[in-house]
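Student: Take a look at this one; I'll ask things after.
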Amino acid sequence: MAKGPGTRYMVKYDNGETGSVLAEHLSPYEVPMDFGKEALPLQVTEFCEVFNGSSTDPCAWAACISRTLKNGEYTVRYPFHDTEPEKIPASRIRRLRVLEGDTWKLLRPNQHWRGGEVTSPMELETIDEEELGVYVDLSRVLQQQTHEAVGKGEKENKGDKADNKDKEGKDDKADNKDKESKGEKDKEGEGDSAEKESKADKDEEEDKDTEAPNKKSKQ
């Protein structure tokens, strides 16, 4: 898409209306983040895109976070549209990004202007994603994520210990079973030896009984 000075494009909005828009106010539809996939929850005064939820006529509206709710929803306002604020689930929201050169950037949070001064998000000041923490407080979010990660790690460790304990128990049972089996075999071996010794003693007595008559007959 050529973006020479003053270049304009005719665009069609999802409500059917059309308009002539400067090239510098346009940005590719495909951005490097899906709706509902942000690593960090959005904070109040951040600019975002709101997905309309349509599979046949998908569209996203530029908005600003005015309140975060405990159930994971956001209350957003639409600074570029004459629309009332509304509650939107996090699954339909992502940070508003614009392409500058080859780099996707965020809009600086907490920007205000008089009516008519700004007509497009592309006219607002941008920042690198790494700078976001300078403009909004992410400490609580990061602390919560750290706490959840630690809790998850402890849970996994407990699971590993339980698995090891079960494995040790199974190994002990297997060892005991082997010992019992070996003991039974040893007993069987002892029984066989006793039978052999008893048989040998019996044979020896029979031999003695046979030898005694022979001695008498010789006399």
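According to UniProt numbering, the sequence shown is numbered sequentially starting from 1. Cβ coordinates follow ideal geometry from the N, Cα and C atoms, glycine included.
Since R77 and C64 should fall inside the 8 Å C-beta cutoff, what is the C-beta to C-beta distance between them, to a whole number of angstroms?
Tutor: 5 Å
Student: State the DSSP-derived secondary structure class of E86, mapped to helix, strand or coil.
Tutor: strand
Student: Classify Y9 as helix, strand or coil using the three-state DSSP reduction.
Tutor: strand
Student: Measuring alpha carbon to alpha carbon, tell me which of K37, T103, A90, E123 ends up nearest P79.
Tutor: E123
Student: Over the uninterrupted alpha helix (DSSP H) stretch that includes V134, give me the two end residues.
Tutor: 132-135
Student: What does the alpha-carbon distance come out to for the pair E46 and K170?
Tutor: Cα atoms of E46 and K170: separation of roughly 55 Å, rounded to the nearest angstrom.
Student: Would the beta-carbon of V134 be found less than 7 Å away from any heavy atom of the ligand MG?
Tutor: By its list of ligands, the structure shown contains no ligand whatsoever, and the ligand MG lies outside what it can speak to.
Student: Just the Cα atoms here: how many angstroms apart are T119 and N157?
Tutor: As the crow flies, the alpha-carbon of T119 is around 54 Å from that of N157.
Student: Check for me: the beta strand (DSSP E) holding Y74 runs from which residue to which?
Tutor: 73-77
Student: State the beta-bridge partners of A60 as determined by DSSP.
Tutor: F51
Student: According to DSSP, is E38 part of a helix, a strand, or is it coil?
Tutor: coil
Student: Skipping 5 residues on each side, what residues in its chain have a beta carbon closer than 7 Å to that of E30?
Tutor: none
Student: Determine the contact status of L96 and E49, defining contact as a CB-CB distance below 8 Å.
Tutor: yes
Student: When DSSP labels each residue in this structure, what does V21 get in the three-state scheme?
Tutor: strand
Student: Three Cβ pairs or more, each shorter than 8 Å: is that satisfied between the stretch 32-47 and the stretch 4-21?
Tutor: no
Student: What are the boundary residues of the beta strand (DSSP E) that V98 is part of?
Tutor: Its beta strand (DSSP E) spans residues 97-100.
Student: Name the DSSP bridge partner or partners of T103?
Tutor: E100
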